[in-house]
Amino acid sequence: MKCVSLISLLVLMSPGGSVLADQPDSVVPIVNARLAGLLESNVNQSTDRSAFLRRVSLDLIGRIPTSAEAREFAASSSEQSRDEVIRRLGDSPAASKRLATFVRTLWFPQTSVSPYEYLATDTEAWIADQLNQGRPLNEIAREMISVSYAPEKSEAREVSPNRLTTPKTLIEANDHRPERMAANATGAFLGVDLSCAQCHDHPFDSYSQQQFWQTAAFFVAKSRFEDDRKWYELEIEIPDAGKSVPPALFVEDSPSQNNPRDGQLTSGREFFARWVSQADNPFFARWTVNQLWAEYFGQPLVTTQPDQVAHPVRQQALDILADGFVEHHFDLRWLAKAIVSTDAYQMQYNGATVGASDPYPYRITRGLTGPQLYESLNIAAGKPPIHSDLDSAEQLHDRQAFYQLFPAYRSVDVERSATQALSLMNGEKIAQLSDPSSNPLVQGLATAPFLSEKDCIESMYWSTLSRPPSQREWDTLRTAGFLEDDLARRDKRLGDLFWVLVNSVEFSTNH
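Residues -21 to -1, 1 to 490 (mature numbering (1 follows the signal peptide of the UniProt record, and there is no 0)) are what the sequence shown spells out, left to right.
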């Protein structure tokens, strides 16, 4: 058990205590102008530099800043420093990896749980590779929807031996069933829920049972006895209806709806994927923008709840960002940088209750995801990030075990349980990092006699919370005995302090 003084310091650091690129062209100022008139009293001003760097680092690259990064940014007086940080982080490979996690969990949420979690690693690696190459998101979507059932030809591997194979996630995560692939592709790629119409028509739904099964018909695979049949000749039977239907889009006014017979395509999935990826698709860009906004803000820009109506200005802001996303060739990294460049993202919020229908899209403080928390704990302790292709099986196993304990991969899904809270206080990972012999940061500070106790404590704060202690915290630290000039016991004191800091609300949230 930790001493009472540690608990008192932890209480002090609760929310009631002290604390807490070039612009992506003309889109951001327009969004700011649209939203400016909705500002209310519970939004004060732009957040301070330390909080901004921590916030944008967690959102763009999935971890807190290092002590050196935090100190350097806090000391900078450049008016362009925020834009420079956004550009540097947003263009990094780490940003592609973080966005790949977002895309994978948006398009294939079932891959975060058994029995489909085995698909997650390869899916994310392939998406991250595509983003690093600058490939547009609509092209990535098109390839993932239209990927062939058959294995890739060996000749392709010989021509490009380092090329990652396009994962068949849509097929395998839906057990090769056309109706499940259709529901997945429309719901997760477009934000259109057709699944409610799978069994029968509903009087208040926008789509019919026939439209659901016509969409499912795009995903019917030819049998080995149907090689001569065109994809648009394939049909799917509507259960208990006594009839079969051919493929047809559920959007009545689509030009493609009038002439679905394209002889150059080999499957209905290719046709559907091409329609999804077109610049004039009415759903894909808006859905992607709205969901990435939700990832960074804790709620979507425009509510997806049928019983709620978003403020017209929010609708306009979504339209502007979606149009910009299309104009920038579906560059997801551009979109991420644009969203975090907005005034709404960089505002300081005073903690008042926020609803999805509030006019101004306030940013909601929420817990870190499993990957964010794991990477941030390692960064805080001075440990290097874990790499799947470089580290030992034991390290990879430990990371996966941590992810299973904290299974949320998207910020909007984070809800801390009692088990998770206890694990942070007394679990194996925290116990290991609180042990001076396993914590490089504590080891380095404890064996540096030229550093004062105050220097060591400041380093601990910068490494964990990206800021120096407040005066109130200094007073509590002094009372708790952390400023004692006892070099022999310094490692024990710093290990205890590390435990306190990483168990604070400030560390485990993306304030």
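Backbone N, C-alpha and C fix where the C-beta goes; we use that ideal spot for every residue, glycine too.
Using CA coordinates, which residue listed in the options is at the minimum distance from residue i?
{"i": "residue 92", "options": "356, 483, 384 and 187", "result": "384"}
{"i": "residue 128", "options": "116, 113, 117 and 144", "result": "144"}
{"i": "residue 213", "options": "219, 197 and 228", "result": "197"}
{"i": "residue 419", "options": "347, 319 and 442", "result": "442"}
{"i": "residue 362", "options": "167, 484, 26 and 44", "result": "44"}
{"i": "residue 76", "options": "31, 42, 49 and 59", "result": "42"}
{"i": "residue 50", "options": "304, 283 and 438", "result": "438"}
{"i": "residue 360", "options": "477, 378 and 101", "result": "477"}
{"i": "residue 94", "options": "327, 281, 148 and 115", "result": "148"}
{"i": "residue 310", "options": "70, 200 and 374", "result": "70"}
{"i": "residue 5", "options": "398, 84, 300 and 163", "result": "300"}
{"i": "residue 36", "options": "55, 66, 54 and 14", "result": "66"}
{"i": "residue 211", "options": "414, 26 and 194", "result": "194"}
{"i": "residue 169", "options": "192, 249 and 260", "result": "260"}
{"i": "residue 357", "options": "209, 378, 343 and 342", "result": "378"}
{"i": "residue 462", "options": "432, 160, 482 and 452", "result": "432"}
{"i": "residue 230", "options": "105, 254, 97 and 374", "result": "254"}
{"i": "residue 89", "options": "346, 152 and 100", "result": "152"}
{"i": "residue 228", "options": "171, 355, 26 and 350", "result": "171"}
{"i": "residue 13", "options": "126, 291 and 159", "result": "291"}
Measure the alpha-carbon distance for residue i versus residue j and round it to whole angstroms.
{"i": "residue 224", "j": "residue 244", "result": "19 Å"}
{"i": "residue 491", "j": "residue 8", "result": "Outside the displayed range of the chain (-21 to 490) lies residue 491, so it cannot be described from this structure."}
{"i": "residue 11", "j": "residue 24", "result": "14 Å"}
{"i": "residue 340", "j": "residue 34", "result": "17 Å"}
{"i": "residue 63", "j": "residue 226", "result": "49 Å"}
{"i": "residue 74", "j": "residue 111", "result": "9 Å"}
{"i": "residue 409", "j": "residue 215", "result": "53 Å"}
{"i": "residue 471", "j": "residue 426", "result": "12 Å"}
{"i": "residue 412", "j": "residue 480", "result": "12 Å"}
{"i": "residue 217", "j": "residue 121", "result": "26 Å"}
{"i": "residue 407", "j": "residue 188", "result": "51 Å"}
{"i": "residue 146", "j": "residue 107", "result": "12 Å"}
{"i": "residue 474", "j": "residue 268", "result": "42 Å"}
{"i": "residue 185", "j": "residue 455", "result": "60 Å"}
{"i": "residue 307", "j": "residue 313", "result": "8 Å"}
{"i": "residue 190", "j": "residue 81", "result": "29 Å"}
{"i": "residue 327", "j": "residue 200", "result": "52 Å"}
{"i": "residue 256", "j": "residue 401", "result": "45 Å"}
{"i": "residue 342", "j": "residue 209", "result": "50 Å"}
{"i": "residue 154", "j": "residue 353", "result": "31 Å"}
{"i": "residue 293", "j": "residue 15", "result": "11 Å"}
{"i": "residue 54", "j": "residue 166", "result": "46 Å"}
{"i": "residue 281", "j": "residue 422", "result": "48 Å"}
{"i": "residue 346", "j": "residue 355", "result": "13 Å"}
{"i": "residue 249", "j": "residue 376", "result": "38 Å"}
Are there 16 or more other CB atoms within 10 angstroms of the CB of residue i, so buried, or fewer, so exposed?
{"i": "residue 156", "result": "exposed"}
{"i": "residue 279", "result": "buried"}
{"i": "residue 459", "result": "buried"}
{"i": "residue 468", "result": "exposed"}
{"i": "residue 429", "result": "exposed"}
{"i": "residue 29", "result": "buried"}
{"i": "residue 382", "result": "buried"}
{"i": "residue 58", "result": "exposed"}
{"i": "residue 490", "result": "buried"}
{"i": "residue 487", "result": "buried"}
{"i": "residue 247", "result": "buried"}
{"i": "residue 482", "result": "buried"}
{"i": "residue 485", "result": "buried"}
{"i": "residue 173", "result": "buried"}
{"i": "residue 221", "result": "exposed"}
{"i": "residue 79", "result": "buried"}
{"i": "residue 72", "result": "exposed"}
{"i": "residue 398", "result": "exposed"}
Between residue i and chain C, is the shortest Cβ-Cβ distance under 8 Å, so that the two count as touching?
{"i": "residue 245", "result": "Among the chains in the structure shown there is no chain C, since it carries only a single protein chain."}
I want to know whether the segment 309 to 327 touches the segment 274 to 283 - three or more CB-CB distances under 8 Å. yes
At which residue ranges does the segment 12 to 62 contain complete beta strand (DSSP E) runs of 3 or more residues, listed in the order of the chain? List check, beta strand (DSSP E) in window: 22 to 25.
Would you call the segment 254 to 264 and the segment 107 to 120 in contact, with 3 or more CB pairs under 8 Å? yes
Quick one: any contact between the segment 427 to 437 and the segment 447 to 458, if contact means 3 or more CB pairs under 8 Å? Contact between the segment 427 to 437 and the segment 447 to 458 is established, with three or more Cβ pairs separated by less than 8 Å.
Which parts of the segment 89 to 113 are runs of the alpha helix (DSSP H), unbroken and 4 residues or longer, counting only runs that do not cross its ends? Runs found: 99 to 111.
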